[in-house]
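Using my numbering, the first residue of the sequence shown is number 201, and each one after it goes up by one. C-beta: ideal position from N, C-alpha, C; glycine also.
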Amino acid sequence: MRYARQEKLIGKQAQKELSKKTVTIVGLGALGTNVSSLLARAGINLRLIDFDKIDLTNLQRQSLYTEKDINKQKAIISKTRLKEINSEISITSFNEKLNDSNLHLLDSDLVIDCTDNLTTRFLINDYCYNKIPWIHTAAIKETGVLFNILPNKPCLKCIYKKNIDLDRCEEFGVLNSIVSLIASLALTQSIKILLNKDPEANLLRFNIWNNSLEKIKVNKTCEKCQKSL
Ligand SMILES: [Zn+2]
């Protein structure tokens with residue numbers, strides 16, 4: 201039984217439910233490759249979106265790629281690797297950049313933001329608003345964050361008021377350990393959201409260098425969410 205160890209914790213029925221769920225991963229970089237590997241192993245169907253090619257500097261943390269994949273498309277290699285991990289799940293991949301005209305690609309049971317910029321995140325926020333649950337993740341240097349954005353709960357604009365340029369890993373670096381930790385948190389929250397089992401309400405911020413975990417309460421402060429109060 202492929203999922204025997206997981207079923208011991210969540211139950212056979214819950215595993216059956218997971219096998220009917222589909223999660224969309226936006227961005228197949230560090231977080232996207234790590235979290236999609238965990239989701240595939242957990243028996244959850246996947247939709248993958250990325251437009252980029254694999255670069256040698258990606259291999260330090262982007263766990264689905266190897267040296268022979270350099271310059272190949274992330275969406276295509278990810279699908280191949282994930283199918284090798286679990287041939288029983290459905291995996292669809294889109295070699296596309298998410299923009300105004302292809303947001304329907306997000307239609308699924310859950311979206312995980314594994315991008316690196318607020319422009320794409322705001323597109324996800326607007327499209328999923330009060331409709332599709334999604335998980336915001338980010339990692340830079342030795343710090344990572346995760347925030348579940350669920351229907352009728354605070355949204356990303358309650359955290360980021362406007363589009364700013366975020367610090368980039370190219371410039372500031374990132375440890376692969378914080379990436380896999382945030383991916384692990386994201387897999388756990390995915391299972392909780394998909395099975396309706398009390399997902400985390402706070403924003404989680406973890407510093408893996410000094411092992412500090414902050415749980416930050418987010419309030420409905422953006423214009424749209426305030427209207428719904
Ligand atoms: Zn909001």
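Bounding residues of the alpha helix (DSSP H) (the contiguous stretch that carries residue i)
i	result
L246	Segment 245-249 is the beta strand (DSSP E) holding L246; no alpha helix (DSSP H) there.
S237	230-241
L282	274-285
I324	318-328
L356	L356 -> no alpha helix (DSSP H), and no H or E assigned at all.
K427	423-427
Y212	It should be pointed out that residue 212 corresponds to Lys in this sequence rather than to Tyr. 212-218 is the extent of the alpha helix (DSSP H) around K212.
E370	369-372
Neighbour-count burial assignment, residue i, 16 or more Cβ in a 10 Å radius
i	result
H336	buried
D313	buried
L430	Shown here, the chain extends from 201 to 429; a query on residue 430 therefore has no answer.
S412	exposed
S308	buried
T233	buried
I382	buried
L310	buried
D300	exposed
T343	buried
W409	exposed
I378	buried
F347	buried
N325	buried
R261	buried
D398	exposed
R368	exposed
F372	exposed
R247	buried
S287	exposed
Beta-carbon separation (whole angstroms), residue i vs residue j, contact threshold 8 Å
i	j	result
L350	L323	Not confirmed; about 18 Å, so no contact.
A230	V345	Rounded, the Cβ-Cβ distance is 14 Å, inconsistent with contact.
T315	V226	6 Å
I244	K208	Rounded, the Cβ-Cβ distance is 18 Å, inconsistent with contact.
I270	L282	Wrong, their Cβ atoms sit about 19 Å apart, outside the cutoff.
N419	C358	7 Å
R241	I285	6 Å
S293	L264	The Cβ separation is near 11 Å, so there is no contact.
Q215	Y203	5 Å
N363	L318	5 Å
E217	L429	The pair is not a contact, with the Cβ atoms about 32 Å apart (cut-off 8 Å).
V235	A386	5 Å
I254	K272	6 Å
Segment limits, beta strand (DSSP E) that includes residue i
i	result
A339	334-340
G344	343-349
L310	310-313
I225	222-226
N407	403-407
L413	412-416
S380	Note, S380: premise wrong, no beta strand (DSSP E); alpha helix (DSSP H) at 376-394.
I291	291-294
Contact with chain C by residue i, beta-carbon distance below 7 Å
i	result
K279	Absent from the structure is chain C; it holds one protein chain and no more.
Is the number of C-beta pairs between the stretch 297-309 and the stretch 268-280 that are closer than 8 Å three or more? With the rule of 3 Cβ pairs closer than 8 Å, the stretch 297-309 does not count as touching the stretch 268-280.
Distance cut 5 Å, beta-carbon to ligand 1 heavy atom: residue list by chain order: C355, K357, C358, C422, C425
Do the stretch 350-365 and the stretch 383-390 make contact, defined as three or more Cβ pairs closer than 8 Å? no
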